[in-house]
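Just so you know, we're using the working numbering here: the sequence shown kicks off at 675 and counts up by one.
Beta carbons are placed, not taken as given, at the ideal position from N, Cα and C, and that holds for glycine.
The structure appears below as structure tokens.
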Amino acid sequence: MKIIVFALIALLTFSNCAEKNRSFTQSEIAILPKPANLKLQEGSFAILKDQHILANLEEQKKAAKDLEKHINETANYTATISESNTATIRFEKKEDLETEAYELIVTPKNIRILANHAAGYFYGVQTIKQLMSIETSDKSKKSIYLIPSITIKDSPRFRWRAFMLDESRYFHGEEFVKQMLDQMALLKMNTFHWHLIDDAGWRIEIKKYPLLTEVGAFRSDSEIGTWKSGKTSGKPHGGFYTQEQIKDIVAYAAKRNIKIVPEFEMPGHSSAAIAAYTWLGTAGVDIEVPIKFGRLYDNYDVTKPEVITFIKDVLNELFELFPSEVIHIGGDEVGYEVWEKSASVQKYMKEHNISTPADLQINFTNKISKYLEENNRRMMGWNEILGKNIHKDFGEKKNDKEAETTLAKNVIVHFWKGDLELLTDAAKNGYGIVNSLHSETYLDYNHKNITLERAYSFNPIPEGLDAKYHKNIYGLGCQMWSEWTPTNADVERQTFPRIAAYAEVGWTTPENKEYSSFKIALKKMQKHWDKLGINYFKDSDKIEAELKSKQNNLNN
């Protein structure tokens, strides 16, 4: 009788282990972005109810805390960080790995996360989160948390993998920003480009100039529909972040290996600031924060010493808030007419042998670049800062003369518009480039203009660029301009799921990418978004099928 009981216990034990350690198929492995190298093995690792995690180094403990939190919240188990050598989840240092690289080795007995820096450990944890499978035991009806036995060696293609949120047009708030940072982190994106200052609103507290938010953060109405619709919402809009909120969000991002790059638009797109302090402008006319979106042509008067002082004062406060090496200065769509009509500006240009407004802009930009460099920062700006006229398709800009002055070489050029030859030339001339070509990366464009597949197919390195210049292409950004997306749900619908495609563009090498496998992995990610209530666009397949059908009809 005892033999039978022991046999039954052994059988039940064996069955339970077999259940817990089932093998996974390749089709069940869904990771976004796709890892560089992945090998699936037999069996799986089961998360224990009292799970111990070994983390000795400080950079390991940060990632371990993230994993501990995920296990405790997802599995409702008790995970504990310890220095016990008996821990079955272990963070280990491997000194030959690059900053964001990691290795993940999972067997039925243990999990090892190997990296050389905090970012690598963090990304190893993000992969574990996506691999974790929640299943119900047929025997006990209890939930089992499994991670497939797998070996992954992974690192990113590009060092700059950015999402930009425009909060000047509409203020979206701290909770929403943190939600976006969470999703960026899971997708291994490392740069949050925060567009906080533009014509439509000044969204960051500057203590030396309180009117920037008291006046510049609020407008009486908002244009709705589309450009020059003539319609408005009939409602005031406003909001801004205090410096304490900014510090909190910056720290929140840092824990997720995300640097926040603030954008302080200059010398154009400055109406909100000029509404607060008239003397900043060139025209000398009192204005209100604009209701309409688009090009608005009073600029900072960059020939006034007090305006340069103002800009440096604002930058000084930004330095205290944002540890990012890079500060974005915008520099796009500067209307030169107000400078051309100003007697004092023309006098300044003549005295300083500056021949065109484009040269005046570069002269100013180089001064600010030097100031940033003196403060151990680096300038970034949209590609108009090169002095090339990329707006020849617009009446008010088509006759603008191009600059003869050379942009400072340490500036990062954020390419968004113009012939790709401009990008290629900038790379050849040694400039660092972030490629955000509007026709491929602008999330405010509808899903028919930039389909999910088109987003996925984007290559930040232009075809034909000599391999020796590839290092100058730092990566890409995807931009969520919010003129026509007043609510958080609107922003979500434009951003998701295309942000996942851009994440894989930034991380995964072209030869390792495959749209069909991306779509499979995306379905699992969409279940995660469903749980969070994220309002993602659900008709990507339908749109792509319609477009392909139209193309086939044309071909026939």
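Query	Result
Terminal residues of the continuous beta strand (DSSP E) containing Thr865?	865–872
Three Cβ pairs or more, each shorter than 8 Å: is that satisfied between the segment 787–797 and the segment 720–735?	yes
Evaluate the contact criterion for the segment 831–838 versus the segment 1170–1182: three or more CB pairs, one atom per stretch, below 8 Å.	yes
If you count every other CB in all the chains shown that lies within 10 Å of the CB of Gly1004, and 16 or more means buried, which is it?	buried
Write down every uninterrupted run of the beta strand (DSSP E) in the segment 928–968 whose length is 3 residues or greater and which is fully enclosed by it, in chain order.	933–938
To the nearest angstrom, how far is it from the Cα of Ile934 to the Cα of Lys713?	34 Å
Among the candidates Glu1218, Asn1227, Gly1207, Lys1216, whose CA atom is the shortest distance from the CA of Gln857?	Gly1207
Assuming contact is defined by CB atoms lying nearer than 7 Å, are Ala1177 and Pro707 in contact in what I supplied?	yes
Helix, strand or coil: which one does DSSP assign to Ala684?	Note that Ala684 has pLDDT 34, beneath the 50 cutoff, so the model's placement of it is unreliable and the number below is only indicative. Ala684: helix per DSSP, three-state reduction.
Nearest to His867 by alpha carbon, out of Ile923, Ile826, Ala1101?	Ile923
Scan the segment 830–917 and note each continuous beta strand (DSSP E) run of 3 residues or more that stays entirely inside, going in chain order.	834–840, 865–872
If you draw a straight line from the C-alpha of Asn1230 to the C-alpha of Tyr1210, how long is it?	34 Å
Quick one: what does DSSP say Asp1213 is sitting in, helix, strand or coil?	coil
From Ile1135 to Pro884, what does the alpha carbon distance come to, in whole angstroms?	43 Å
Under 8 Å: do the segment 886–894 and the segment 1189–1204 share three or more Cβ pairs, one atom per stretch?	no
How far does the beta strand (DSSP E) with His1144 in it reach, from first residue to last?	No beta strand (DSSP E) contains His1144, which DSSP labels as neither H nor E.
My parser needs the alpha helix (DSSP H) runs of 4 or more residues fully inside the segment 1090–1137; what are they?	1094–1102, 1112–1115, 1126–1131
For Ser718, which of helix, strand or coil comes out of DSSP?	strand
For Gln1153, write down the residues that DSSP places opposite it in a beta bridge.	Met838, Tyr1116
Met675 to Ile802, Cα distance in whole Å?	Confidence at Met675 is low in this model, with a pLDDT of 44, below 50, so the placement of that residue should be treated as unreliable; the coordinate-derived value is given next. Using only the alpha carbons, I get a separation of about 45 Å.
Could I get the ranges of all uninterrupted alpha helix (DSSP H) runs contained in the segment 965–995, with 4 residues as the minimum, in chain order?	979–995
Considering only C-alpha positions, which residue in the set Asn1084, Ile763, Phe796 is nearest to Thr773?	Phe796
Along the beta strand (DSSP E) that carries Leu731, what are the first and last residues, could you check?	Unbroken run through Leu731: none, as it is neither H nor E.
Smallest Cα separation from Lys729: which of Ile721, Val799, Glu702, Asn695?	Checking the sequence, you will find Ala at residue 729 rather than Lys. When only C-alpha atoms are compared, the closest one is Val799.
Would you mind sorting Leu1228 into buried or exposed? The rule is 16 or more other CB atoms within 10 Å of its CB.	exposed
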